[in-house]
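Those protein sequence lines, which keep their order, are chains Y and G.
Here UniProt numbering is used: the first residue of the first sequence is 1, the next is one more, and so on.
Here UniProt numbering is used: the first residue of the second sequence is 1, the next is one more, and so on.
A short worksheet on the structure shown next.
There are 2 protein chains.
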Amino acid sequence: MADSIYANYPPALNPAQKEFLVRTVKDWATQNGLMVRPAPTFVSKESDPHGILATNAPVTLFPSPFPKTCFEEAKALQTVYNKLYAAITCNEEWIGKIMEDLIDVDDFISNLWKVHVAVQREGYVQTLSLGLFRSDYMAHTPSTSTTPELKQVEFNTISSSFGGLSSLVASLHSELLDSPLGSPMAYPPHPLLQSNAVPDNTAVETLSAGLATAHVAYGPSKSQPQLPTCVLFVVQENERNIFDQLALSRQLSNVHKIPVFRLLSSEILDHTFIPGSNPLRPLIYRPPHAAETHFEVTTVYLRSFYTPTDYKSDRDWEARTHLERSAAIKCPTVLNQLSGSKIVQQVLAAPTGPDHLAAFLAGTDEAVISRLRSTFAPQYDLSLSGKGRELALNPSTASNHVLKPQREGGGNNIYKTAIPDFLKSIPENEWKRWILMELIHPPAAAKNVALRSDGEVLAGGVIGELGVYGTILWDQKDGNILHNEQGGWLMRTKAEGVNEGGVATGFSSLDSIVLY
Amino acid sequence: MADSIYANYPPALNPAQKEFLVRTVKDWATQNGLMVRPAPTFVSKESDPHGILATNAPVTLFPSPFPKTCFEEAKALQTVYNKLYAAITCNEEWIGKIMEDLIDVDDFISNLWKVHVAVQREGYVQTLSLGLFRSDYMAHTPSTSTTPELKQVEFNTISSSFGGLSSLVASLHSELLDSPLGSPMAYPPHPLLQSNAVPDNTAVETLSAGLATAHVAYGPSKSQPQLPTCVLFVVQENERNIFDQLALSRQLSNVHKIPVFRLLSSEILDHTFIPGSNPLRPLIYRPPHAAETHFEVTTVYLRSFYTPTDYKSDRDWEARTHLERSAAIKCPTVLNQLSGSKIVQQVLAAPTGPDHLAAFLAGTDEAVISRLRSTFAPQYDLSLSGKGRELALNPSTASNHVLKPQREGGGNNIYKTAIPDFLKSIPENEWKRWILMELIHPPAAAKNVALRSDGEVLAGGVIGELGVYGTILWDQKDGNILHNEQGGWLMRTKAEGVNEGGVATGFSSLDSIVLY
Chain Y
1 MADSIYANYP PALNPAQKEF LVRTVKDWAT QNGLMVRPAP TFVSKESDPH
51 GILATNAPVT LFPSPFPKTC FEEAKALQTV YNKLYAAITC NEEWIGKIME
101 DLIDVDDFIS NLWKVHVAVQ REGYVQTLSL GLFRSDYMAH TPSTSTTPEL
151 KQVEFNTISS SFGGLSSLVA SLHSELLDSP LGSPMAYPPH PLLQSNAVPD
201 NTAVETLSAG LATAHVAYGP SKSQPQLPTC VLFVVQENER NIFDQLALSR
251 QLSNVHKIPV FRLLSSEILD HTFIPGSNPL RPLIYRPPHA AETHFEVTTV
301 YLRSFYTPTD YKSDRDWEAR THLERSAAIK CPTVLNQLSG SKIVQQVLAA
351 PTGPDHLAAF LAGTDEAVIS RLRSTFAPQY DLSLSGKGRE LALNPSTASN
401 HVLKPQREGG GNNIYKTAIP DFLKSIPENE WKRWILMELI HPPAAAKNVA
451 LRSDGEVLAG GVIGELGVYG TILWDQKDGN ILHNEQGGWL MRTKAEGVNE
501 GGVATGFSSL DSIVLY
Chain G
1 MADSIYANYP PALNPAQKEF LVRTVKDWAT QNGLMVRPAP TFVSKESDPH
51 GILATNAPVT LFPSPFPKTC FEEAKALQTV YNKLYAAITC NEEWIGKIME
101 DLIDVDDFIS NLWKVHVAVQ REGYVQTLSL GLFRSDYMAH TPSTSTTPEL
151 KQVEFNTISS SFGGLSSLVA SLHSELLDSP LGSPMAYPPH PLLQSNAVPD
201 NTAVETLSAG LATAHVAYGP SKSQPQLPTC VLFVVQENER NIFDQLALSR
251 QLSNVHKIPV FRLLSSEILD HTFIPGSNPL RPLIYRPPHA AETHFEVTTV
301 YLRSFYTPTD YKSDRDWEAR THLERSAAIK CPTVLNQLSG SKIVQQVLAA
351 PTGPDHLAAF LAGTDEAVIS RLRSTFAPQY DLSLSGKGRE LALNPSTASN
401 HVLKPQREGG GNNIYKTAIP DFLKSIPENE WKRWILMELI HPPAAAKNVA
451 LRSDGEVLAG GVIGELGVYG TILWDQKDGN ILHNEQGGWL MRTKAEGVNE
501 GGVATGFSSL DSIVLY
């Protein structure tokens with residue numbers, strides 16, 4: 001059934017239709033801030049020394065079809081997923097045990113764990129923890145099945161991005177579907193596009209409301225005399241995806257009336273401090289452009305520090321520790337970041353051994369737990385002899401699997417028949433850095449047309465990944481949940497055959513959906 | 001008094017303050033569509049073959065001070081000015097007489113007049129006429145005076161631009177004034193910026209409402225069978241200021257729910273037609289991307305055809321005639337465009353001869369007419385021997401004057417002591433193409449800092465020009481006025497010493513105001 005939906009979609013474009021659609025999308029993106037800073041391979045530093053130029057985010061011309069049942073299920077499960085990852089984060093001992101094995105082989109995990117241990121030793125002064133999560137799925141549509149199933153690709157607990165731009169893509173495609181009003185014809189006629197609509201996308205509202213909730217929950221300034229308070233976005237240098245982040249800060253300042261500042265992770269120690277004399281350890285921000293005005297940071301939102309390259313020296317680890325030990329609510333804490341490692345996903349999905357999922361979700365309806373469990377793709381540990389190793393080393397079974405580093409974040413996946421040779425090429429004691437996951441089969445006939453950030457238009461087969469956003473604020477001390485919401489989504493569409501690549505690289509595009 | 005206001009403004013910026021302000025303005029512009037397409041001198045066609053890159057519109061970092069009395073007076077007089085230019089446009093005989101002299105020496109005026117005469121001969125089928133006007137002023141602050149006076153620079157009756165971007169600059173400066181909420185410090189402290197606000201700028205709402213009013217006044221489709229109706233924006237090729245125009249079309253489609261299309265002036269004859277069999281002469285638009293769907297154009301909004309270079313061949317004049325003879329409401333008609341010539345402004349301001357102003361504004365309060373008259377700077381005809389020639393040829397009096405071509409639109413002005421030599425260098429029978437205007441003296445001490453479209457930041461003395469928008473819909477047959485509104489403004493700030501240059505050239509910037 002899915003194949004018949006995708007077979008004739010999207011409708012073909014003649015040259016005039018293509019010209020109109022590309023021009024409209026291009027101009028709309030610029031008018032509405034659906035933008036990125038251009039890649040240095042497209043615009044060199046020499047040709048734009050002040051970094052003033054901008055270009056559209058890579059975006060599909062059409063929304064992609066997505067099964068309605070899968071979309072509804074992903075939304076329905078999000079607050080349960082939020083709860084699950086909050087509960088995992090509260091169980092320091094459990095995370096510690098899982099990480100133990102990795103600490104020898106993974107410097108990044110090891111250093112993160114050390115930050116937590118150091119702050120734990122001194123004692124945390126902030127027990128509230130904020131999660132801005134995104135759970136990524138595919139509509140699993142194997143040729144043997146007639147009903148698409150929702151399968152989780154990964155769960156993001158840090159720097160879950162694209163909420164800002166994704167809301168804009170939904171607006172763009174919505175306007176195109178209805179344009180002009182009364183006589184829609186921006187798209188050629190197609191049954192999937194007629195009397196259909198892109199679902200509401202409240203990612204900006206949801207994510208900002210999460211940050212605002214933490215800001216309020218922080219309570220009054222802990223300084224004497226009291227200081228004005230703010231939210232701090234900790235960001236990377238030369239961030240090309242800045243307009244995605246600014247969509248959230250604009251909402252925070254304009255709607256929630258909360259001051260927001262941006263600070264490079266490399267400059268945290270220059271512009272923030274914790275007064276040694278204050279045992280409450282408030283995090284004080286001194287804006288470099290108004291150094292006499294001090295702000296107390298209620299909430300630190302990390303859009304950096306999620307990948308090893310964000311830590312260039314010990315000073316960066318010192319900065320991360322500095323944030324962690326402060327009274328600011330972290331989004332996320334180190335522990336919450338670690339809970340998003342692939343290995344946690346694998347342990348939860350393990351078909352044998354203790355039922356961690358049921359334990360973490362104690363008190364949740366059995367049927368809901370079972371629905372959540374059925375979003376897991378089969379995945380295996382390679383640290384021990386067993387089924388995972390067997391599947392990975394045999395080329396015929398490997399061909400239906402992907403090998404992923406257990407760390408959060410895309411990159412460096414090994415696919416199918418390349419797996420056995422890859423494993424043989426690395427020392428066996430490093431195998432525990434990897435997990436083996438059964439391949440998810442998105443609709444094979446899916447196609448779309450994308451406008452890249454350099455203006456090239458590419459058409460062809462695509463793989464779509466749906467992310468659903470959720471926010472949760474909980475007390476790490478007793479697991480008490482103060483706020484748990486779901487809202488907003490991301491459709492990311494990659495050109496078929498491109499196994500990797502964030503949206504920012506131009507090999508994958510922001511998209512939206514029409515349900516079927 | 002004015003000088004003391006400007007003397008210490010804007011506040012000085014240290015490097016960190018400048019870095020913050022420039023970065024904030026740059027990112028805000030991109031996030032909110034305060035954008036232009038980059039000049040080919042900055043981004044070459046080769047480096048961006050698809051024309052996908054965009055950059056911020058040139059914009060000042062600070063709002064500029066402007067006298068409150070002048071601002072209020074400009075707003076108060078706008079609907080009177082609207083009425084005046086509608087009345088002038090209704091008096092074909094009067095305009096014809098004024099143009100008569102120019103027809104020999106000015107091909108552009110002559111060709112426009114011919115379009116009108118040809119359509120007049122056939123008979124106009126549309127008597128409604130829409131004006132989207134902008135009256136431009138300076139705060140005249142001669143060293144001899146203590147009170148600034150409002151003096152008109154020019155009155156625009158065609159393609160009055162920058163309403164869309166100007167509203168955005170007002171929002172940008174407003175946000176900066178209040179940012180962050182509760183502890184504003186985006187700007188260094190300064191009395192003019194404290195507890196002050198940028199006045200509301202409703203240019204987008206006002207101009208779009210004008211177009212929407214015409215659309216509604218057009219009434220039902222005149223085709224058999226009836227067609228869906230639309231507004232048509234007629235635009236130039238490679239328009240760099242497209243986002244200014246899109247701000248109006250977005251408002252028309254999203255708020256007024258009116259279909260809007262853009263069409264290059266060079267493609268009018270390819271994609272529109274007037275059915276020969278329909279004596280009502282509806283203008284039919286065939287969108288190239290959906291040629292089977294026809295729309296009837298209620299309102300033609302010209303953002304092209306205002307300057308000689310928009311007419312590259314007879315085919316363009318044919319296209320202009322085609323629009324003019326159609327049933328669509330023109331914004332503007334040829335006659336209304338001609339009424340905006342500098343020579344009309346000069347005739348109205350002439351200190352001797354018949355009181356045209358009082359005649360056109362018959363029925364208007366004497367005091368209001370006199371207030372309007374006092375916005376005229378002294379200006380003189382050079383076609384005859386008399387005071388104008390005397391003032392222009394004597395270097396000592398010329399030094400307080402500017403020589404302007406009588407045609408609408410900036411460019412080619414001759415300043416001060418260059419005037420006598422210039423006049424002597426051209427044949428005397430061409431002098432009638434020029435008018436002499438006494439110089440307006442804006443505040444001499446005014447300064448600002450501008451972020452150009454190429455990212456350069458320039459600081460220095462500036463000259464500010466305030467434009468006020470107005471819209472009017474009237475019946476050319478009897479002068480009956482159906483709609484007459486004022487709303488929205490533009491502050492344009494030029495670097496001192498730069499006599500010419502539209503905003504798009506980067507020598508002048510979009511600005512906003514704080515009143516004093």
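A virtual CB, placed ideally from N, CA and C, is assigned to each residue, including glycine.
I329(G) is not a Cβ neighbour of D381(G), given a cutoff of 9 angstroms.
Taking CB atoms only, P287(Y) has a neighbour in chain G less than 9 angstroms away. Within chain G, not a single residue places a beta-carbon under 9 angstroms from that of M491(Y); the smallest gap is close to 22 angstroms.
Between the stretch 63-73 of chain G and the stretch 142-155 of chain G there are three or more C-beta pairs closer than 8 angstroms, enough to call the two in contact. Scanning A197(G), R23(G), T30(G), Q224(G) for the CA closest to the CA of G276(G) turns up Q224(G). In this structure, the beta-carbon distance from P65(Y) to Y124(Y) does not fall below 9 angstroms. Proximity of N238(Y) to chain G, defined by a Cβ-Cβ separation below 9 angstroms, is not satisfied. Below 8 angstroms, enough C-beta pairs join the stretch 102-122 of chain Y and the stretch 307-320 of chain Y to call them touching: three or more.
Residue-level contact check: D314(Y) does not touch chain G, since none of the beta carbons of chain G fall below 9 angstroms from its beta carbon.
Per DSSP, N448(Y) is one residue of the beta strand (DSSP E) stretching across 447-451. For the C-beta of P10(Y), not a single chain G residue is nearer than 7 angstroms; the gap to the nearest is close to 15 angstroms.
Taking 3 residues as the shortest admissible run, the stretch 104-165 of chain Y contains the following complete beta strand (DSSP E) segments, listed from N- to C-terminal end: 128-140, 149-156.
Going by DSSP, A495(Y) is part of no alpha helix (DSSP H) but of the beta strand (DSSP E) stretching over 481-495. Separation of the CB atoms of R303(Y) and S159(Y) is rounded to 5 angstroms, and the pair is thereby assigned contact status at 8 angstroms.
D454(Y) is not bridged by DSSP to any residue. Scanning its chain for C-beta atoms nearer than 6 angstroms, with the 5 sequence neighbours on each side dropped, one finds around A29(G) the residues N56, in chain order. For E19(Y), the enclosing alpha helix (DSSP H) begins and ends at 15-32. In this structure, P180(G) lies near V260(Y), with their beta-carbon atoms less than 9 angstroms apart. The beta-carbon of V59(Y) is placed no less than 9 angstroms from the nearest beta-carbon of chain G. Here R262(G) is near F233(G), since their CB atoms are less than 9 angstroms apart. Per DSSP, the unbroken beta strand (DSSP E) holding Y285(Y) starts and ends at 283-285.
As far as DSSP is concerned, F62(G) takes part in no beta bridge. Contact between the stretch 317-328 of chain G and the stretch 246-254 of chain G is absent: fewer than 3 CB-CB pairs across the two stretches fall below 8 angstroms. With fewer than 16 other Cβ atoms inside 10 Å of its own Cβ, G386(G) counts as exposed. With a threshold of 16 other beta carbon atoms within 10 Å, R37(G) meets it and is buried.
Closest by C-alpha distance to H289(Y), out of S4(G), N8(G), R23(G), D316(G), is R23(G). Excluding its 5 nearest sequence neighbours in each direction, K447(G) has C-beta neighbours in its own chain below 8 angstroms: Y6, Y9, P10, A459, G460, G461, V462, listed in chain order.
Cβ contact annotation for K477(Y) (same chain, cutoff 8 angstroms, sequence separation greater than five): T127, in chain order. Its Cα nearest to that of H140(G), the residue V153(G) stands out among S129(G), R134(G), V153(G). S374(Y) sits exposed, since fewer than 16 C-beta atoms from the chains shown fall within 10 Å of its C-beta.
G163(Y) is the residue among G163(Y), H256(Y), N201(Y), S339(Y) whose C-alpha sits nearest the C-alpha of N241(Y). According to DSSP, residue pairing for R303(Y) in a beta bridge involves V235(Y). Annotation: P332(G) to G487(G) spans about 19 angstroms, alpha carbon to alpha carbon. Here the alpha carbons of V334(G) and L77(G) stand approximately 24 angstroms from one another. Counting along the chain, L391(Y) sits inside the alpha helix (DSSP H) bounded by residues 387-393. Each of I284(G), Q346(G), L423(G) was checked against the Cα of H271(G), and the nearest Cα belongs to I284(G).
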